[in-house]
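Asker: First, the structure itself, so that you have it in front of you.
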Amino acid sequence: MKFTQALALLTALSLSIGPLAARAQTEAPVTVTDNGASWTLDNGVVRVTVAKDTGYMPSLIYKGKELMSANRGGSWEHTPEGAPHLSNTITIDPATNGGERAEVSIKGVTDGAYTLSPHAPGGGAQADMEIRYALGRGDSGVYVYAIYDHPASYPAGGTGAEDRFITRLSHDFDWITVDPERNMLEASPADWGAGVVVHAKEQRILSTGVYKNSVEHKYSYSGMQYRQPAYGWSSTKDHIGVWFINPTTEYLSGGPTRIDLDAHFDSNNDPDPIILDYWHSGHYAGANTPLKAGEQWHKVIGPIFVYVNALDHPQPTTDTELKRLAATAGNPTVPASWTHNADALYADALAQAKKENAAWPYGWVKDDGYTPADQRGTVTGRFVLNDPLAPAGTPTTFPDLVVGLTQAGDPDDWAPQHAMPGRNAAAFIEQAKALHTGPDAYRHDARFYQFFNDGKPDGAFAITKVRPGTYTLHAYSDGILGEYLKADVTVAPGKTLDLGALNWTPERHGRQLWQIGYPNRSASEFFKGDQAWLWGWNLRYALLFPHDVTYTIGKSDPAKDWFFEEVPHATNLSFVNPAAKDPANQKFGWVKTESLDQYPQTDHTGPWRVYGMGRETVWTVKFKLPKAQTGTACLRVALAGEDGMDGQLPVALNGQSLGAIGDGSSSDNARMIQTNAIRYNTDRGLWQQRALHFDAAKLKKGWNEMTFTVPAGSLQSGVVWDYLRLEVDDGK
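Put into structure tokens, the structure is as follows:
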């Protein structure tokens, strides 16, 4: 089901559940209290405590109830703590505005000689940093944002390999919501703590609780940031939800297909439920902020709205529902009342996200780098599809069109990073430069702002609220392989730029002989692609396709006969829970429980060493041609992920090697980029396309067989598919 369809259904369901807790009839004025080492912001709905030395938010109280864990509460990955110059300021004093709004600031100036939070995951930040918290009259939540500054006088720097805002909630929160599919009851912290590490600390086999004989994996809850308007946790007991709302994605990174962690458990043995807002990270071959010596850089991250809501009249839960839940532990039947209540909270959070987006940019934010609404521009236009080599009957519309503006990639506008230990430095620098230059550089960039909006099926689009500057226009649409690019689009303050009709001619290398799948930058249309977020399909591939994949063009169905990822074929099936009714297909309860005595609890020790390897996998595509071919053939492959393949996927035709996808044989067949899409359970990682050219005479009249080989090795290796197409240019 499409996200928009699921969202509409979710909203309809919520209407029948009852209203959310009513807003206060008389909204109290906002106050800010100086406690010495901290501030308290209070508006009668929420009360927030902010530490002056770190910028942590150790307490968030909603209508008298504490929502935060005692473990730091809310915090940024990097903080101003320890900076040579640390200041604490009330930047908006409610005493001067009739109690309408309060804002406090913690700012650290490093002089370019101090690294903020040097022991943070991914390293510290070599820049100045300011953290602000803001609370308005009647707000059911708090706004938080960070401001980074790298003056031209500073040496080379950056903001580490990752940066995020994170909240650690109390253990009363037991329902996780990332999107309509991953909107579900969670395991308990105690069940997680008693679990056995499978391969790394993020993934554990549960031996107790409602999800016993399943694997809980934090990367199962990664989401596409552009499509995650609100996400968080709620409580089936208190019927309270805590949500992160990004009013825009302009300050995030990697473009509209970027995915990252949204919510999950912490990684200790009594973990807190946490919500994360990554504005950049290395996950899924992500983005970073390499800053050159002498570079002037300033960026405002947020404000993010930490929204709190509650149900006034939740649907009651019956004893029958609770008994059924207990009886179905392992593959649980969750009380329908819990689902309905969680849906109502989620639908309200999504409605609040629309309000925040409409209010963006916020008029109350004051910073030299924050562009107000009247200084922002709009870019409009309409795409016209011109695809003369498309097969007859190909639609000429633009389904799920996304259009945006990014900073142009300058070959000299990047700062080389040091290679990680154990990696070839020259190869690392070469790949880093490839990632940060050229038309795809925006997918790895977190330094600049990016502006994307959905277009219409007829090709019309409007990119709104754009900061003035010169950009590259990008567009992609389901059904079209590749991306539209237009350089040197200049946006003036307060103006609308109409680009008029834009002719979009998709790249083709001749007439199309066949295709597998649908170019949509994901593997969702392939078998199990719609459930890719569940851990362990790389093991269960051996159960689903014991003889590997053989696909016949014109006969086979991609939704049934083409698995969404090609991985080594597991040879040790001891992971199967013998009590599972359908271990190959059921969502939960299919993994054999392991013993802590047999697999001591460490970050990287577990049963994966027993069943985590597999034999070579060979997939075969059969197709029939009416005649022999001449000219040049081109196999075009789009991947939604690649792991552990040394950057290439071997291909053969009728038993004769054609080379490999990603073998570096041409400019459009560069080595593939590893994305961790398989390890991190997704049908979409860093999207990449490659083209393998070969002599069309190798295609014979009658039946042909093309094979794709993933070598023996770790079941974490292989490729996640998006689309395959064979074309021939015979000069006619």
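Every position in the sequence shown, counted from 1, becomes a number in our numbering once 721 is added.
The beta carbon of each residue, even a glycine, is placed where N, CA and C say it ideally should be.
1) For V931, which three-state DSSP category applies?
2) Between the segment 1010–1030 and the segment 958–977, can you find at least three pairs of beta-carbon atoms closer than 8 Å?
3) When DSSP labels each residue in this structure, what does N1174 get in the three-state scheme?
4) Leaving out five residues before and five after S909 in sequence, what residues of the same chain have Cβ atoms less than 6 Å from its Cβ?
5) Here's the rule: buried if 16 or more other CB atoms are within 10 angstroms of the residue's CB, otherwise exposed. What is W1283?
6) Taking the CB atoms as reference points, tell me whether M1393 and M1366 lie closer together than 8 Å.
7) So, is P1120 buried or exposed, given that buried needs 16 or more other C-beta atoms within 10 angstroms?
8) Going by the beta-carbon positions, is the gap between A1462 and T1101 smaller than 8 Å?
9) Tell me which residue opens and which closes the beta strand (DSSP E) that T761 is part of.
10) Under 8 Å by Cβ, that's how I've got W1081 and K1186 pegged, so tell me the actual separation to the nearest angstrom.
11) So, Y677 versus F1309, is the Cβ gap smaller than 8 Å?
12) Under the DSSP definition of a beta bridge, which residues are partnered with E1016?
13) Measure the C-alpha to C-alpha separation of L906 and K1076 and round it to an integer number of angstroms.
14) On the criterion of 16 or more Cβ atoms from any shown chain inside 10 Å, does T1273 qualify as buried, or is it exposed?
15) If we ignore side chains and look at the alpha-carbon of each, how far apart do P1142 and T1010 end up?
16) Express the C-alpha separation of A1244 and G1038 in angstroms, rounding to a whole number.
17) From which residue to which residue does the beta strand (DSSP E) around K939 run?
18) With DSSP as the reference, label T1039 as helix, strand or coil.
19) Which parts of the segment 966–1018 are runs of the beta strand (DSSP E), unbroken and 3 residues or longer, counting only runs that do not cross its ends?
20) Give the secondary structure of N818 by DSSP, where H, G and I count as helix, E and B as strand, and everything else as coil.
21) Within its chain, find whatever has a CB closer than 6 Å to the CB of R744; leave out the 5 residues flanking it on each side and keep chain order.
22) With DSSP collapsed to three states, give me the class of P1024.
23) Please return the same chain residues whose Cβ sits closer than 7 Å to the Cβ of D870, not counting the five positions on each side in sequence.
24) From E1286 to V1440, what does the alpha carbon distance come to, in whole angstroms?
25) Please confirm if the segment 892–905 is in contact with the segment 941–955, defined as three or more CB-CB distances below 8 Å between the two stretches.
26) By the 10 Å Cβ neighbour count, where 16 or more other Cβ atoms means buried, how is A1048 classified, buried or exposed?
27) Can you say whether H1268 is buried or exposed, counting buried as having 16 or more other CB atoms within 10 angstroms of its CB?
28) Less than 8 Å between the C-beta atoms of I868 and D1088, yes or no?
29) Tell me whether S1058 sits in a helix, a strand or coil according to DSSP, three-state version.
30) Which whole-angstrom value describes the C-beta separation of V830 and A804, a residue pair presumed to lie in contact below a C-beta threshold of 8 Å?
31) Flag T1039 as yes when its Cβ comes closer than 7 Å to any non-hydrogen atom of the ligand ATP, and as no otherwise.
32) Runs of 3 residues minimum, wholly inside the segment 775–849: which ones carry the beta strand (DSSP E) assignment?
33) Report the residue from T836, K1313, A1305 whose alpha carbon sits nearest the alpha carbon of P801.
34) If you drop the 5 nearest sequence neighbours on each side, which residues of the same chain put their C-beta closer than 6 Å to that of T957?
35) For P1371, list the residues DSSP reports as bridge partners.
36) Who are the Cβ neighbours of L1046 in its own chain at under 7 Å, not counting the five residues just before and after it?
Answerer: On the basis of the supplied data:
1) Residue state, collapsed to three classes: coil.
2) In short, these stretches touch, since the Cβ pair count reaches three.
3) Strand.
4) By the criterion of a C-beta distance shorter than 6 Å, S909 is surrounded in its chain by G930, once the five residues flanking it on both sides are discounted.
5) Residue environment for W1283: buried (at least 16 other C-beta atoms within 10 angstroms of its C-beta).
6) Yes; because the gap between Cβ atoms is below 8 Å, this pair is in contact.
7) The residue in question, P1120, is exposed, as its Cβ has fewer than 16 Cβ neighbours within 10 Å.
8) Any property of residue 1462 remains undetermined from this structure, which presents the chain solely from 722 to 1453.
9) Its beta strand (DSSP E) spans residues 759–763.
10) Contact flag correct, Cβ pair sits at about 7 Å.
11) Outside the shown range of the chain, which is 722 to 1453, sits residue 677, and nothing can be said about it.
12) Note: E1016 sits in no beta bridge, so no partner.
13) Our two residues, L906 and K1076, have alpha carbons roughly 27 Å apart in a direct line.
14) Flag for T1273 reads exposed.
15) With a pLDDT of 43 at P1142, under the threshold of 50, the modelled position of that residue is not reliable, and the figure given next carries that caveat. Cα to Cα, P1142 sits roughly 20 Å from T1010.
16) Rather than Gly, the amino acid found at residue 1038 in this sequence is Thr. The C-alpha of A1244 is placed about 37 Å away from the C-alpha of T1038.
17) Run containing K939: none; DSSP gives neither H nor E here.
18) Note: T1039 maps to coil in three-state DSSP.
19) Residue ranges of uninterrupted beta strand (DSSP E) with 3 or more members, entirely inside the segment 966–1018 and ordered along the chain, are 980–982, 984–986, 994–1001.
20) The three-state secondary structure of N818, taken from DSSP, is coil.
21) Because R744 sits at a pLDDT of 47, beneath the cut-off of 50, its placement in the model cannot be relied upon, and the following sentence gives the value as read from the coordinates. Closer than 6 Å at Cβ, skipping near neighbours: no residue.
22) Correct three-state label for P1024: strand.
23) Correct list, in chain order: A848, D849, H1019.
24) V1440 has its alpha-carbon roughly 6 Å from the corresponding atom of E1286.
25) Contact holds between the segment 892–905 and the segment 941–955, because three or more Cβ pairs, one in each stretch, are under 8 Å apart.
26) By the neighbour-count definition (other C-beta atoms within 10 Å, threshold 16), A1048 is an exposed residue.
27) Classification for H1268: exposed.
28) Result yes, Cβ atoms of I868 and D1088 sit closer than 8 Å.
29) For S1058, the three-state secondary structure derived from DSSP is helix.
30) With a Cβ gap of about 6 Å, V830 and A804 count as contacting.
31) Of ligands this structure carries none, so the ligand ATP is not represented either.
32) Those beta strand (DSSP E) runs which fall completely within the segment 775–849 and span 3+ residues are 780–783, 795–797, 806–813, 822–830.
33) With distances taken between Cα atoms, P801 lies closest to T836.
34) Spatial neighbours of T957 in its own chain (CB-CB distance under 6 Å, excluding positions within 5 residues in sequence) are listed in chain order as D895, W896, W1059.
35) DSSP output for P1371 lists A1381 as bridge partner(s).
36) Once the five neighbours on either side are set aside, the close Cβ partners of L1046 are V931, P1053, T1054, V1055, P1056.
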